[in-house]
Amino acid sequence: MRQPVLAVAGVTKAFGEVEVLRGIDLEVQEHQAVALIGASGSGKSTLLRCIDLLEEIDDGDVFLDGEVITDPASDPVAVRRRLGIVFQAFNLFPHLSVLENVVLGPMRAQRVGRAQATEHARELLERFGLGDRADEHPERLSGGQQQRVAIVRALATRPRALLLDEITSALDPELVGEVLGLVRELKGEGMTMLIATHEMGFAREVADEVCFLHAGAIAERGPAEQMFSAPEQPETQQFLRRLLEARRL
Amino acid sequence: MDGSVHEGAGAQLTTVPTDRRAAREAARRQRARRGAAISIASTIVVLGGLALLITQSKGWPSVKETFFSWDAFKTSFPDILRGFWLDVKLFVSVEIVVLVFGLVVALCRTTRAAALYPVRMLAAVYTDVMRGVPTILLVYLVGFGIPALELPWLPSDPIVLGGIALALSYSAYVAEVYRAGIDSIHPSQQSAALALGLTSAQSMRHVVLPQAVRRVAPPLLNDFISLQKDVALVSILGPLEAFRVAQIFASENFNYTPLIAAALLYIAVTVPLARIVDRMQSRGQVGARGAVR
């Protein structure tokens with residue numbers, strides 16, 4: 001078996017008394033998309049933030065290309081430069097234009113020259129249908145456009161893997177499609193992705209593997225088709241049944 | 001009113017309520033006229049009453065002579081204006097120092113690096129002490145205390161010493177304004193900056209600080225206005241600034257009109273500044289997320 005791009009081994013994380021993650025094991029192979037599903041509060045977002053070292057884990061380790069990145073002695077800044085994350089609430093920088101949002105990482109973190117960073121940013125924006133928005137400020141954009149800019153901003157740093165944290169949960173329903181379309185494109189290009197999502201139809205279509213998180217642990221995992229058509233664990237069955245009742249599946 | 005030519009389905013609807021609309025507009029105009037009339041009348045009553053009360057008072061003739069003497073105004077004004085030029089130079093240079101030093105203190109207070117603990121503590125003590133001591137006392141202490149040390153490399157010019165005292169005092173207030181601005185930027189902005197691979201210093205410099213400064217621009221300008229007036233405190237050290245010059249004229253002639261002249265000069269600077277603050281604040285409310293550009 002090839003070495004996974006991302007590997008999570010026995011990771012636990014508690015906020016005070018609350019154990020949010022209780023021993024997570026997970027692997028994402030190159031060009032694979034793994035979907036994390038589960039109820040709100042099951043630990044999906046925390047897991048992604050821990051992988052990007054925005055939260056410090058308590059136990060276990062995370063590996064990027066076989067190298068441990070959660071060693072207390074390693075430099076978190078250098079690790080974050082190799083990963084990209086997109087947040088639920090976009091978190092674009094409101095005082096900067098779309099283009100400046102996209103070039104900030106390459107220019108400041110990776111020391112790419114302005115001309116080169118701008119060229120790459122314009123190319124990416126153009127490719128994802130945002131070329132005419134480059135000089136606008138984020139507040140002038142629709143939610144869907146803002147989230148697409150956030151994805152482009154993460155891509156501009158040429159990450160080894162992309163972490164997507166419920167990127168459509170803050171969007172109006174009619175804007176979800178354009179964002180998922182972009183992720184679909186990335187999958188087609190072979191981007192390695194770990195996707196926390198509530199969009200089950202999308203997870204089923206794009207993900208190579210689906211992990212169901214329940215109470216801070218992975219209760220069940222498997223190929224997308226099997227997870228949605230024949231889940232084995234009672235928790236998974238119940239979760240999917242509830243979604244079905246709410247017409248979200 | 002109806003029967004006029006309209007096109008399209010939507011236009012037909014407007015033909016029905018035309019009379020109602022005209023009546024409503026007439027009522028609205030009448031309300032506006034009444035409101036204007038009432039405000040004019042009440043202004044005349046209040047201001048006229050006040051003027052009457054003051055001018056009919058027993059002491060008014062002598063007050064008029066000692067505070068509002070045109071002759072005293074004419075003779076003292078040129079010198080006061082020259083003195084005021086010193087105020088302007090002093091307050092502009094102190095403000096520049098305050099904007100920079102206040103930011104340094106604020107950054108020291110927000111740093112979380114363990115090695116910088118003493119710096120953080122010093123900054124906290126500094127803001128507490130400087131905000132606790134009355135500015136006039138600080139001007140005394142610095143203005144008379146530093147020269148008393150008789151160290152040749154320390155400044156002895158009273159204008160410089162007064163400026164230092166004001167800068168010490170105002171930097172503490174301005175540091176707290178900056179800090180409030182930094183704290184008001186949501187942590188998710190910092191997360192997003194770190195996620196791009198920026199260091200925490202870079203995310204402060206390129207993401208948090210630019211937004212924070214924009215947000216606190218109105219309160220910063222407010223402190224600027226107070227500083228502009230407090231420059232007069234330097235007069236206790238002796239330099240011939242506007243208030244001091246006016247005081248000298250007043251005590252020589254037993255006429256206080258020069259003080260009124262000095263007051264008018266301070267107002268001439270603070271009022272336009274206050275209007276700028278108002279405009280910034282109303283723009284901040286209209287613009288999304290309080291971003292002022």
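One line per chain: the protein sequences are A and B, in this order.
Our numbering numbers the first residue of the first sequence as 1 and each following residue consecutively.
Our numbering numbers the first residue of the second sequence as 1 and each following residue consecutively.
Think of the CB as a built atom: it goes at the ideal place given N, C-alpha and C, for glycine as much as any other residue.
Query                                                                                                                          : Result
Contact check, Tyr170 (chain B) vs Leu122 (chain B), beta carbons under 8 Å                                                    : no
C-alpha distance - Glu150 (chain B) paired with Val213 (chain B), whole-angstrom precision                                     : 40 Å
Selection of the region 99 to 130 of chain A by Cβ proximity to chain B, strictly under 8 Å                                    : Leu104, Gly105, Arg108, Ala109, Gln110
Under the three-state DSSP convention, the category Gly290 (chain B) falls into                                                : Per-residue confidence for Gly290 (chain B) stands at a pLDDT of 39, beneath the threshold of 50, marking its modelled position as unreliable; no derived number is given.
Proximity winner among A:Val18, A:Val8, A:Gly38, relative to Asp52 (chain A) (alpha-carbon distances)                          : A:Val8
Top-ranked residue by Cα proximity to Ala261 (chain B), from B:Arg21, B:Tyr140, B:Thr66                                        : B:Thr66
Chain A contact residues for Ser188 (chain B), given Cβ-Cβ distances below 8 Å                                                 : Phe87, Ala89, Asn91
Residue nearest to Gln3 (chain A) in terms of C-alpha spacing, selected from A:Ala109, A:Leu162, A:Leu64                       : A:Leu64
Chain B within 8 Å of Thr157 (chain A), Cβ atoms only                                                                          : yes
Asp165 (chain A) - partner residues in DSSP beta bridges                                                                       : A:Ala196
Integer Cβ distance of Ala246 (chain B) from Ile136 (chain B), believed to fall under 8 Å                                      : Ala246 (chain B) to Ile136 (chain B), Cβ: 18 Å. No contact.
CB of Pro210 (chain B) within 8 Å of CB of His95 (chain A), strictly                                                           : yes
Bridge-paired residues (DSSP) for Phe212 (chain A)                                                                             : A:Ile37, A:Glu220
Whole-angstrom C-beta distance between Ser169 (chain A) and His198 (chain A), which should lie under 8 Å                       : 6 Å
Sub-8 Å separation of Val206 (chain A) and Arg184 (chain A) beta-carbons                                                       : yes
Stretch-stretch touch, CB-based, cutoff 8 Å, three pairs: the region 189 to 198 of chain A with the region 35 to 48 of chain A : yes
Sequence ranges, alpha helix (DSSP H) only - wholly within the region 50 to 83 of chain A, length at least 4                   : 76 to 80
According to DSSP, residues forming a beta bridge with Val28 (chain A)                                                         : A:Leu6
Residue closest to Pro272 (chain B), alpha-carbon to alpha-carbon, out of B:Gln190, B:Ser235, B:Asn222, B:Ala250               : B:Asn222
Sequence-distant residues of the same chain with beta carbon closer than 6 Å to Glu178 (chain A), five excluded per side       : Gly144
CB-CB length for Gly252 (chain A) against Gly216 (chain A), believed under 8 Å                                                 : Because residue 252 (chain A) is not part of the residues shown, which for chain A are 1 to 249, the question remains open.
Cβ of Pro234 (chain A) within 8 Å of any chain B Cβ                                                                            : no
Beta-carbon proximity of Met280 (chain B) to Pro239 (chain B), cut-off 8 Å                                                     : no
Cβ neighbour criterion (16 or more within 10 Å) applied to Gly49 (chain B)                                                     : exposed
Test: Arg283 (chain B) CB closer than 8 Å to a CB of chain A                                                                   : no
Val174 (chain B) classed as buried or exposed, judged by whether at least 16 other C-beta atoms fall within 10 angstroms       : buried
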